[in-house]
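Novice: Numbering (the numbering used here), first residue to last: 170 to 433.
Input: one structure, supplied below.
The following block contains the structure:
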């Protein structure tokens, strides 16, 4: 059985409403398969790097067995958005022609509230481990980026992960760096079995699986101003970062454990 990751491609047919959270203006949109998606635009603030982080972070989470809504490539036609009355949104849509990234819209989901919902130690440890691994700065009490849907916890929005790629200097050094910002993670107090999860996840995330995830990245997401590397060279850097960081996972696990001890 072929377990390689695969993303469907859909055409966006209807822009429904913006989600005015942060500066990137994601939106709910309907696609050619008649499903609704939360759309992340290549023409927004951090450009395709936010889409790359979203794709890699989401698909790594999926390999680890964590619940993430389906991701799809969302194609935006050049004529799309011309009738949009909001000039800011029209400019965003025009700048986002081609492949964007969609996340299946979880109709009726509610934001995770740590005061209302208790997460068990194993689940909390798995999510903390994931976020320390992909250097996700955005799973805090202020912005949990988790939803409750059909009484299950779902992870969303990994676009602020892999922040090494914004400078794209010394990825090897970044791979071997503990993740100090894990101290702000919303689930850190419950994450009491990080060592056990670390052993489990190191076995699940093979270089082959990481390479397969990175290979999903479209070439035109990897053509960056000021970076004189081919798309394949950039993909190789992502794979090297992810495999090296996995090899040195004890660094970010110990950082998380020390941060947790300081909290409790």
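For each residue, glycine too, the CB sits at the ideal point set by N, CA and C.
Should residue 202 be labelled buried (16 or more other beta-carbon atoms within 10 Å of its own) or exposed?
Specialist: exposed
Novice: Which first and last residues belong to the beta strand (DSSP E) in which residue 318 is found?
Specialist: 315 to 318
Novice: Looking at the structure shown, is residue 170 part of a helix, part of a strand, or coil, going by DSSP?
Specialist: Confidence at residue 170 is low in this model, with a pLDDT of 39, below 50, so the placement of that residue is unreliable and no value is reported for it.
Novice: In this structure, does DSSP put residue 323 in helix, strand or coil?
Specialist: strand
Novice: Just checking my contact of residue 322 with residue 236 at CB under 8 Å: how many whole Å lie between their CB atoms?
Specialist: 7 Å
Novice: Please classify residue 303: does DSSP put it in a helix, a strand, or coil?
Specialist: coil
Novice: I need the straight-line Cα distance from residue 406 to residue 398, nearest angstrom please.
Specialist: So the two alpha carbons sit approximately 10 Å from each other.
Novice: Per the contact definition of three or more C-beta pairs closer than 8 Å, is the stretch 266 to 282 in contact with the stretch 208 to 218?
Specialist: yes
Novice: Using 8 Å as the threshold, is the stretch 219 to 232 in touch with the stretch 326 to 342, meaning 3 or more CB pairs across them?
Specialist: yes
Novice: So which of 263, 355, 248, 256 has the shortest CA-CA distance to residue 432?
Specialist: Answer by Cα proximity: 355.
Novice: Do residue 429 and residue 357 count as a contact pair if the criterion is CB distance below 9 Å?
Specialist: yes
Novice: Excluding the 5 residues preceding and the 5 following residue 177 in the sequence, name in chain order all residues of the same chain whose CB lies nearer than 6 Å to its CB.
Specialist: 241
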